[in-house]
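Protein chains in written order, with the numbering used here: chain W, 1 to 213; chain Y, 214 to 827.
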Amino acid sequence: MTGLSRRHALFAFGGGILAAPFMGRKALAQFADVSKEMILNDPAAPVTGNSKGDVTIVAFLDYNCPYCKKSAPDLDRAVKEDGKVRLVYKDWPVIRPTSIDGAKLALAAKYQDKYDTAHHALMAIPGSGISKDRMRKALQAAGIDMRRLDADMKAKSAEIETIIQRNMAQADALGLTGTPTYLIGPFMTSTLDYKGFKQVIADARAKQNGATQ
Amino acid sequence: MKSVRSALAATTLALFALLLTFPGFAQVTASGAMPLQSDQAFRLAATRVDDSHVRLEWAIAPGYYLYQGQFDLRLGEAQIAVPQAEGNPQSKDDPTFGVTTVYHDRAALTVPLASDAGSLEVHYQGCQESGICYPPQVRHVDAATLAVSSDGEPARSALAQQWSAPVLENSAGAIAIAADSGGMVGSLLQRGGIPMVLASFVLFGLLLAFTPCVFPMYPILAGAIARQGERPAALRGLTLSLAYVLAMATAFGLLGVAAAWSGQNLQMVLQSPLAISAVSGLFLIFALSMFGMFEMQLPSAWVNSVGGIGRGRRGSLASAALLGFTSALIVGPCVTAPLAGALIYIAQTGDVALGAMALFALGLGQGVPLIVFGTLGPRALPRAGAWMKAVRRAFGFIFIATSIWMLSRLLPAQATLALWALLAIAVAVWLGAFDALTSDSSGTKRTAKATGLAAALYGAVLAVGAASGADDPLRPLGRFVAAQTVEATGKSEQTAFRSVGTPDELRAQIAAADGRPSLLYVTADWCVTCSVIDRNVLPDPSIQARLAGFNLIELDVSENSEMQRRMMRDLEVAGPPTMIFVDADGREKAGTRLIGDVNKTTLAASASRMTSAP
Chain W
1 MTGLSRRHAL FAFGGGILAA PFMGRKALAQ FADVSKEMIL NDPAAPVTGN
51 SKGDVTIVAF LDYNCPYCKK SAPDLDRAVK EDGKVRLVYK DWPVIRPTSI
101 DGAKLALAAK YQDKYDTAHH ALMAIPGSGI SKDRMRKALQ AAGIDMRRLD
151 ADMKAKSAEI ETIIQRNMAQ ADALGLTGTP TYLIGPFMTS TLDYKGFKQV
201 IADARAKQNG ATQ
Chain Y
214 MKSVRSALAA TTLALFALLL TFPGFAQVTA SGAMPLQSDQ AFRLAATRVD
264 DSHVRLEWAI APGYYLYQGQ FDLRLGEAQI AVPQAEGNPQ SKDDPTFGVT
314 TVYHDRAALT VPLASDAGSL EVHYQGCQES GICYPPQVRH VDAATLAVSS
364 DGEPARSALA QQWSAPVLEN SAGAIAIAAD SGGMVGSLLQ RGGIPMVLAS
414 FVLFGLLLAF TPCVFPMYPI LAGAIARQGE RPAALRGLTL SLAYVLAMAT
464 AFGLLGVAAA WSGQNLQMVL QSPLAISAVS GLFLIFALSM FGMFEMQLPS
514 AWVNSVGGIG RGRRGSLASA ALLGFTSALI VGPCVTAPLA GALIYIAQTG
564 DVALGAMALF ALGLGQGVPL IVFGTLGPRA LPRAGAWMKA VRRAFGFIFI
614 ATSIWMLSRL LPAQATLALW ALLAIAVAVW LGAFDALTSD SSGTKRTAKA
664 TGLAAALYGA VLAVGAASGA DDPLRPLGRF VAAQTVEATG KSEQTAFRSV
714 GTPDELRAQI AAADGRPSLL YVTADWCVTC SVIDRNVLPD PSIQARLAGF
764 NLIELDVSEN SEMQRRMMRD LEVAGPPTMI FVDADGREKA GTRLIGDVNK
814 TTLAASASRM TSAP
C-alpha cells in the first residue's frame, strides 16, 4: 500500500511515461529488495567517490528537486576533499512528471560509463519541471553520445526501470518524505551545506569506529 | 492633570517608537532534523461555504511552503479549473530554483462543489525551506461529508530506525531541533483549529482580568460612565463599556499585527526598562488620583479630535473607546504567560491574521468583567458616601503596590524591600494605626487600628530586613534567622543552571551532560514570566525532583546581542521563556518544547516525557 500514493501522484500529473503494467503492484513485489544491504550495496546502483571508502553516502535525488541542485556542489566538494567517501546515487523520480525522464537518461548513460557526467549535467539545470528536451540538450552539451544513449535506453529499458523501481521501494520502506534525502553512515538527513556534509561525514566516521572498536 | 496627559502621551509615543525600530527576522531554516510528514507540514481541511462551494484550506507549518502552480483539482475524469488561491503569495527568486510563487502559513481555494458531486481529488506540492521537497500529494475530499482522506503515506519501517538524524554544529550549539516546536498556540491549533485558539484566548483574557494591572480600568471606566449623567441606565453603561472593551481589544489586535509584522518578540519592547518605568510612573499617578490629589480625565483635545462633535452621545462613546484603546497600553507591560506565549508564536510564524484575532480575543476576554461592571456596577452600587472614599483609597494602595512591583524588575531587591516597608507603614497610617482611640470608638475603628498596627509592625520588620540586606519580602529577617546556614537557603537551594553565552559553550555543556538529558532554559532579566518561573516553578520540590536527572543549562538573552539573536534563530526560539529538552546526543525531543506557558504541570509533563522510553 505504502508505495501507491507516490505512483498515483505521478500518474495524476500526467507523468504516464512509466507504463501502467510496469508500475503495478506485482512488479513492485518482484523488484523490491528493500534490505539494508541492497540500499547500501545494490550492484546496479551508480557509485562514485572512493569505492573502498569507509563512509557510504546514499543520496536519494531527483532532477527536478531544487534543494538537490542546491546541495549538489557542496556534496561533491565534501566527497572529493574527504577522499574516503563512497557515494551511491539513488534516482528517486518523484517531484515532477519529467523527473522520470531525467532518471532514465542518467541511468542509461551508465552504459557508456558516463553516469557521473550525465548526473552533473542534469543537476546543473536550474529550477523544477525541466522538459525532457532541455535535459537532452544539457546531456549533449556535456559530451554524452546521444545515439548510444537512445540505443541503451531502448535495449536496457527493463534493467533501468528495475533500478528505479527498486529505489522507489527502498525509499518507501525507509519512509522518506521527499528529496533530497542523504543516508550518511548511520545518519539520515536532508539538505546540508558544505560544512554540514563535512561535519556529518566526520561524525559518521567517529560513530562507526566507535561501534567497531 | 497635565502630568497625566504627558505621561499618557509619553508612554504611547515610547511604545510605538520602539515598535517601529525592530527589523524583521530571517526565515527559519532547517537544521538537520528530519522533515515533517507531509500531512503535518500541510494540514488540509475542507469546509462548506454554501450549497455549491467548498473551501479547501491548508495550514502550513512554519518553515514550509506550498507551490502556487502545483494545485490541481479533479472530479472523476474531469479537471476543475483551479481558482485563485487565497493567502499571501510570495515570489521566490533563487538562481537554483528559478522564479516560483509560494505560500507560507496558509493557502485556501474556494472550489465549486455540490454536496452530491462525489469525491474531489486535490493535488498539491510543497517543500521544507532549505530542506526537502515533497512529491506531489493527492487527497480525496468527500463532497458530502468533507472528510479528507489519502492513499496512505509511506510509513517508516523498522529498517528506517537504523539511521538517525545527525546533530549539526551551527550556532544552535549542537542541538538538533525537533520539527514541531510550535508551542502553546501551535498545539491549540493542532487540537482544535482556529476556534480552539480563539476560545482559549478569551478564557486567558478572563483570567488576566483579575490581575492587578487591570484594576485601574475599573475606576477609569466608572469615571467615563458616571460623567455622562446622574445615574446612568444599564443600557447606557453597557454601550459605553462595550465601546471601551472593543477599543481595548482592538489595541491588542494591533499589537498582534505589529508582532507578526516585525517578526520580533514584542515582549522585549513591552518589558524594556523605559516602558516599565513609564507604566510604573503611570500607576503612581493613578494612585495619587485615587487619594483625591486631582481628578483624572483624558485630555479634551484628544477626545474632541476623535469624537468630532466633542460633546454629546457620540463624543462620549468615542472618548470611552479612546480610553479603552489607551488602557491596553497600560496592561501591555503586565505580560503574563498566555500573552507572552501568543506574542512568541506570532513572531515565529508571522501569521498576521491569527495573531490579530488571538490577541483581540484576549482583549475581549479581559473586557467581560468590565462590561458586567459597566452595566450593573453604577446601578447596583450606592452612588457615593464614605465607603466610596475607602474603596478609592484601597485602589490607591493597590496601584502603589503595582507600581512598586513593576519597579522591582529594575531596582535592586533591597531597594524594593525598602519601598514595601514604606508602603506598609503608609497603609498603617491611613488605617489609623497611630490615631488615638477613645473609649467610645466604634468596632470598625478598632479593627482598622489593629490591622494598621499589624501593617506598621510588618513595615518595620521589612525596613530592618532591607537594612540587613535581605531581599525577600516574605523572609525579611532570613539573614538573622539563618545566619549560619545562609548557603542552604534561598537561591542556592534551587537546582543550579549553568549559564552559556556562545554556541561553543552550549556545545560544551551538552557534551558534559554525560549521558543525561539536558534542559536548555532561554531566559532574560526583562522577562517577567521568567522571573515568575524562577520564583514559583523551579524551586518547587516536586519540580526539583523531576529535574534532578537533567543537565541544566541557561541561555540568557537579556542584551539581545547579535550572538544571542543568532543563537535564538538557530534554536528556533522567538523569545524567552522557552525551554528546550534534548537527549544525551543533543537531539530535541518532539513535543516537549515549552514556549511562554511554563508552569509546574507543563514542565513536569515535558520532563517526564524526556525520561520515559523513547
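Just so it is clear, CB atoms sit at the ideal spot from N, CA and C, and this is done for glycine as well.
Remember, it's a predicted structure, so these values are computed and weren't measured experimentally.
Item                                                                                                                                                                                              : Value
Can you give the beta carbon distance from residue 249/Y to residue 337/Y, rounded, assuming they're within the 8 Å contact cut?                                                                  : The Cβ separation is near 15 Å, so there is no contact.
Of all Cβ atoms in chain W, is any one closer than 8 Å to the Cβ of residue 345/Y?                                                                                                                : yes
Would you kindly work out how many angstroms separate the C-alpha atoms of residue 131/W and residue 63/W, rounded to a whole number?                                                             : 11 Å
Enumerated in chain order, which unbroken segments of the alpha helix (DSSP H) with a length of 4 residues or greater are wholly contained in the stretch 610 to 670 of chain Y?                  : 626 to 643
Tell me, please, whether the stretch 328 to 348 of chain Y touches the stretch 281 to 292 of chain Y by the rule of three or more beta-carbon pairs shorter than 8 Å.                             : yes
So, with DSSP's three-state summary, where would you put residue 748/Y?                                                                                                                           : helix
Say whether the stretch 615 to 623 of chain Y touches the stretch 464 to 474 of chain Y, bearing in mind that this needs 3 or more beta-carbon pairs closer than 8 Å, one atom from each stretch. : no
Any C-beta of chain W sitting closer than 8 Å to the C-beta of residue 292/Y?                                                                                                                     : no
Which of the three DSSP states, helix, strand or coil, is assigned to residue 423/Y?                                                                                                              : coil
Quick check: the Cα distance between residue 125/W and residue 95/W, rounded to an integer number of angstroms?                                                                                   : 15 Å
Quick one, which residues of the stretch 63 to 78 of chain W are near chain Y if we go by CB-CB under 7 Å, in chain order?                                                                        : 65, 66, 67, 69 and 70
With a cut-off of 8 Å on the beta carbons, I'd call residue 258/Y and residue 361/Y a contact; round off their distance for me.                                                                   : 7 Å
Could you run through the stretch 85 to 104 of chain W and flag, in chain order, every residue whose CB is less than 7 Å away from some CB of chain Y?                                            : 94 and 95
Residue 49/W lies in the beta strand (DSSP E); which residues open and close that run?                                                                                                            : 47 to 49
If distances are taken between C-alpha atoms only, which option among 734/Y, 422/Y, 669/Y and 728/Y comes closest to residue 644/Y?                                                               : 669/Y
Is there a Cβ from chain W that is less than 8 Å from the Cβ of residue 230/Y?                                                                                                                    : Here the model assigns residue 230/Y a pLDDT of 36, short of 50, so the residue's position is not dependable, and the following value carries that caveat. By this cut-off, residue 230/Y is not an interface position.
Would you list the residues sitting across from residue 792/Y in a DSSP beta bridge?                                                                                                              : 734/Y and 807/Y
Taking a Cβ distance cut-off of 9 Å, strictly less, list which residues of the stretch 170 to 187 of chain W are near chain Y, in chain order.                                                    : 170, 171, 172, 173, 174, 175, 176, 177, 178, 179, 180, 181, 183, 184, 185, 186 and 187
Since residue 250/Y meets chain W, which of its residues come closer than 8 Å, beta carbon to beta carbon?                                                                                        : 177
Can you give me the C-alpha to C-alpha distance between residue 294/Y and residue 326/Y, rounded to a whole angstrom?                                                                             : 12 Å
From the DSSP output, which residues share a beta bridge with residue 759/Y?                                                                                                                      : Per DSSP, none; premise fails for residue 759/Y.
How about residue 36/W: is its C-beta nearer than 8 Å to some C-beta of chain Y?                                                                                                                  : yes
Under 8 Å, with one C-beta from each stretch per pair, do the stretch 159 to 170 of chain W and the stretch 76 to 92 of chain W reach the 3-pair mark?                                            : yes
Closer than 8 Å, CB to CB, is residue 379/Y near chain W or not?                                                                                                                                  : yes
Measuring only between beta-carbons, confirm whether residue 190/W sits less than 8 Å from chain Y.                                                                                               : yes
By how many angstroms is the C-alpha of residue 414/Y removed from the C-alpha of residue 568/Y?                                                                                                  : 11 Å
For residue 373/Y, go through chain W and note every residue whose CB falls closer than 9 Å to its CB, in chain order.                                                                            : 173, 174, 175, 176 and 188
Looking only at C-alpha atoms, which of 209/W, 199/W, 206/W and 208/W sits nearest to residue 81/W?                                                                                               : 199/W
So the alpha helix (DSSP H) residue 823/Y belongs to, where does it begin and stop?                                                                                                               : 813 to 824
Given residue 296/Y, which residues of its chain have a CB within under 8 Å of its CB, disregarding the five upstream and five downstream residues?                                               : 322, 323 and 324
Output yes if chain Y places a C-beta closer than 8 Å to the C-beta of residue 200/W; else output no.                                                                                             : yes
Is it buried or exposed, residue 260/Y, if we count other Cβ atoms within 10 angstroms and call 16 or more buried?                                                                                : exposed
Whose C-beta lies closer than 6 Å to the C-beta of residue 54/W among residues of the same chain, with five residues either side of it excluded?                                                  : 84
What are the residues that DSSP puts in a beta bridge with residue 188/W?                                                                                                                         : 183/W
Between residue 822/Y and residue 805/Y, what straight-line distance do the alpha-carbon atoms span, to the nearest angstrom?                                                                     : 7 Å
If you draw a straight line from the alpha carbon of residue 623/Y to that of residue 487/Y, how long is it in whole angstroms?                                                                   : 10 Å
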